[in-house]
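Data block below; observations after.
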Amino acid sequence: MFIRSLFILIAASGLLLGSLSLTAAPKFVPGINDLPLMPGLALRSDAPVVFDTPGGRIVEVFAEGRIPKARIRAFYGSTLPELGWKPYAASQFQRDKELLKIEITEAANGTTMVRYSVVPKGQ
Numbered sequence: 001m002f003i004r005s006l007f008i009l010i011a012a013s014g015l016l017l018g019s020l021s022l023t024a025a026p027k028f029v030p031g032i033n034d035l036p037l038m039p040g041l042a043l044r045s046d047a048p049v050v051f052d053t054p055g056g057r058i059v060e061v062f063a064e065g066r067i068p069k070a071r072i073r074a075f076y077g078s079t080l081p082e083l084g085w086k087p088y089a090a091s092q093f094q095r096d097k098e099l100l101k102i103e104i105t106e107a108a109n110g111t112t113m114v115r116y117s118v119v120p121k122g123q
């Protein structure tokens, strides 16, 4: 009886730990509030560039992965409005006085580079 109970406890613990890893918190792009990093993209090792100016801040961050350009656009097109970013122009979103630009470039080797930049609106 004891061994059976121990086996059930170990199995239940394994299931619980496995489900916790599936619901891990999403990663966010450093330096840009409420900008999720799409699963499958990895931040480049260069540190984010952040400048404070009298008109607002300027941020630039790069990520890369093997995800088609269309999927990246669709992800951010559906996710960002839920986080308060309003579509502004093609691959651009506005929130408060900031403009977020997402530039996506596909390389011949299949890698996709994403450049996130935030500038004060009007610059």
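Just so you know, we're using the working numbering here: the sequence shown kicks off at 1 and counts up by one. Each residue gets a CB set at the ideal place from its N, CA and C atoms; glycine is no exception.
- Per the coordinates, the alpha-carbon of K97 lies some 5 Å from the alpha-carbon of K121.
- Classified as exposed, L83 has fewer than 16 neighbouring CB atoms from the shown chains inside 10 Å of its CB.
- F93 and T112 have their C-alpha atoms some 20 Å from each other.
- In this structure, DSSP gives K86 an extended state, which the three-state scheme calls strand.
- Membership of F51 in the beta strand (DSSP E) is indicated by the continuous run 49–53.
- 8 Å or more divides the Cβ of L37 from the Cβ of F51.
- Residue nearest to I32 within the set V61, N109, D46, G56 is V61 (criterion: CA-CA distance).
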